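Asker: Have a look at the structure that comes next, please.
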């Protein structure tokens, strides 16, 4: 049985409208009399359909619980309370029967299944509130009714396109995805939380045609450099080809020219599974008369405990930063755009050294990485001699031409 809900000026008008819509076989299951500011509402069932049988049984239980015992009551003129009379005989005429009388009778028949004589409703019955959910709209199947009333979006778009020009085919506009490399540097800096004034200055520096002059100007707006004496034990980390080995040589000869003792070099070898493509820098350090110790990552703490004085550590690519407060971790970052992933390494580093700054395109990549890392900058290094030619120079020539010390 399908259940429908209608409203009207009165219950009889709503019932008449229901019969005009669905025929005289409709059964009124529930009704609400009109009230000030509210129209009358009825719930009717359409016979001949198995759908809604569960709702009919639920309404029957609700009616059984809410409808009081059948009584025959009338209001006498001027009486304060209804006078209870005996039930009328079956042969009694049905004069003055209203739609509300039929409602009470139908509800009782639905609850007990026994036909009864219509009667006039009492005052308490007229004030009875339907149980929660009795008049609730039945749950529809997903999309059963929406498909009849709502047109698919494709049909709407086709209709609009046909109205513009019947010969024109609507082509969707392709939306180009945002490319971070094409976004202006000023917008990138603003998204990173940089103040507009500083972001404007850095963006102007990144557009300098003279990269060497821009490097000098850029150093004035970066975080402060590492002040004081160089740390005694420095661990160099970074991607492959960033220049860690060259920086270890540079740092060693800087100490020697400053009158300090020559540091010990520790070369950390990668795991056996990652040996392919790794060049052992031990012969290079030995060619410059530097003390070299080669060990694995697991043996690094033991090697540090056995050594005294200044120590410089050369590590392979992807080396995890150890939890040792005695080490100064220096991150080596390549400024060339091909090494864009190098700025993601070295979380927790104490300082950063930027290499190949003269090959950075307009310093856009360099500026973005320096601000993203937000750690002190130890040095901005230009490109030196190729690593394969370093061994051909004596220490003094190397210190002057390659290390710039």
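In the working numbering, the protein residues as written are 5 to 409.
Idealized CB from N, CA, C, for every residue including glycine.
As the structure is a prediction and not an experimental result, all values here were calculated from the model.
Out of curiosity, what's the CA-to-CA distance linking residue 147 and residue 8?
Answerer: Its pLDDT being 45, under 50, residue 147 is placed unreliably by the model, and nothing is read from it.
Asker: According to DSSP, simplified to helix, strand and coil, what is residue 303?
Answerer: coil
Asker: Can you give the Cα-Cα distance for residue 337 and residue 247, rounded to whole angstroms?
Answerer: 8 Å
Asker: Using a Cβ-Cβ cutoff of less than 7 Å, which residues in the same chain neighbour residue 260 once the five nearest sequence positions on both sides are dropped?
Answerer: If we look at residue 260 and ignore the five residues flanking it on each side, its Cβ neighbours are 266.
Asker: Where does the unbroken alpha helix (DSSP H) through residue 13 begin, and where does it stop?
Answerer: Premise fails: residue 13 is in no alpha helix (DSSP H) and is neither H nor E.
Asker: Does the Cβ-Cβ distance between residue 357 and residue 333 come in under 8 Å?
Answerer: no
Asker: Evaluate residue 327 with the Cβ neighbour count: other Cβ atoms within 10 Å of its Cβ, from every protein chain shown; 16 or more gives buried, anything less gives exposed.
Answerer: exposed
Asker: Under 8 Å, do residue 307 and residue 270 count as touching if we go by C-beta distance?
Answerer: yes
Asker: Straight-line CA distance for residue 315 to residue 352?
Answerer: 20 Å
Asker: Taking residue 355 as part of the beta strand (DSSP E), name the residues at either end of that continuous run.
Answerer: Unbroken beta strand (DSSP E) run through residue 355: 355 to 359.
Asker: Under a three-way DSSP split, which group does residue 201 fall into?
Answerer: Under the three-state reduction of DSSP, residue 201 is assigned to helix.
Asker: In chain order, what residues of the same chain have a beta carbon less than 6 Å from the beta carbon of residue 331, not counting five sequence neighbours either side?
Answerer: Listed in chain order, the non-local C-beta contacts of residue 331 below 6 Å within the same chain comprise 237 and 239, local neighbours out to five positions each way being set aside.
Asker: Can you name, in chain order, every residue of its own chain whose Cβ lies under 6 Å from the Cβ of residue 311, other than the five neighbours on each side?
Answerer: 268
Asker: What residue range does the beta strand (DSSP E) around residue 325 cover?
Answerer: First-last for residue 325: undefined, no H or E at that position.
Asker: Taking residue 334 as part of the alpha helix (DSSP H), name the residues at either end of that continuous run.
Answerer: It is not in any alpha helix (DSSP H) - residue 334 instead sits in the beta strand (DSSP E) that spans 332 to 338.
Asker: Does DSSP classify residue 250 as helix, strand or coil?
Answerer: Residue state, collapsed to three classes: helix.
Asker: Who are the Cβ neighbours of residue 251 in its own chain at under 8 Å, not counting the five residues just before and after it?
Answerer: 240, 334, 336, 357, 359 and 385
Asker: Using the C-alpha atoms, what's the distance from residue 235 back to residue 313?
Answerer: 11 Å
Asker: DSSP three-state label for residue 239, please.
Answerer: strand
Asker: Leaving out five residues before and five after residue 304 in sequence, what residues of the same chain have Cβ atoms less than 8 Å from its Cβ?
Answerer: 270, 272, 317 and 326
Asker: Once you ignore the five residues that flank residue 48 on each side, which residues in its own chain have a CB closer than 6 Å to its CB?
Answerer: 8, 22, 30 and 32
Asker: Does DSSP put residue 35 in a helix, a strand or coil?
Answerer: Correct three-state label for residue 35: strand.
Asker: Run through the DSSP bridge pairs and tell me what residue 50 is partnered with.
Answerer: 6
Asker: Determine the direct distance from the alpha carbon of residue 204 to that of residue 256, and round the result to whole angstroms.
Answerer: Between the C-alpha atoms of residue 256 and residue 204 there is a straight-line separation of about 38 Å.
Asker: Taking all protein chains shown into account, decide if residue 281 is buried (16 or more other Cβ within 10 angstroms of its Cβ) or exposed.
Answerer: Classification of residue 281: exposed, given that the 10 Å Cβ count is below 16.
Asker: Between 340, 379, 26 and 20, which lies nearest to residue 363 when the distance is taken from Cα to Cα?
Answerer: 340
Asker: Could you tell me if residue 13 is buried or exposed, where buried requires 16 or more neighbouring beta carbons within 10 angstroms of its beta carbon?
Answerer: exposed
Asker: Mapping DSSP to helix, strand and coil, what is residue 310?
Answerer: Under the three-state reduction of DSSP, residue 310 is assigned to helix.
Asker: Can you give me the Cβ contacts of residue 379 inside the same chain, cut-off strictly under 8 Å, excluding the 5 residues immediately before and after it?
Answerer: 227, 335, 353, 354, 355 and 356
Asker: According to DSSP, is residue 316 part of a helix, a strand, or is it coil?
Answerer: DSSP places residue 316 in strand when its eight states are reduced to three.
Asker: Taking the alpha-carbon positions, what's the residue 28 to residue 11 distance?
Answerer: 18 Å
Asker: Among 24, 50, 26 and 19, which has the Cα closest to the Cα of residue 37?
Answerer: Comparing Cα positions, the closest option is 19.
Asker: When the Cα atoms are used, what is the spatial distance from residue 288 to residue 249?
Answerer: 9 Å
Asker: Indicate whether residue 17 and residue 50 have their beta-carbon atoms separated by less than 8 Å.
Answerer: Contact flag unset, no.
Asker: Measure from the alpha carbon of residue 295 to the alpha carbon of each residue in 285, 302 and 243, then state which is nearest.
Answerer: Measuring C-alpha to C-alpha distances from residue 295 to each of 285, 302 and 243 identifies 285 as the nearest.
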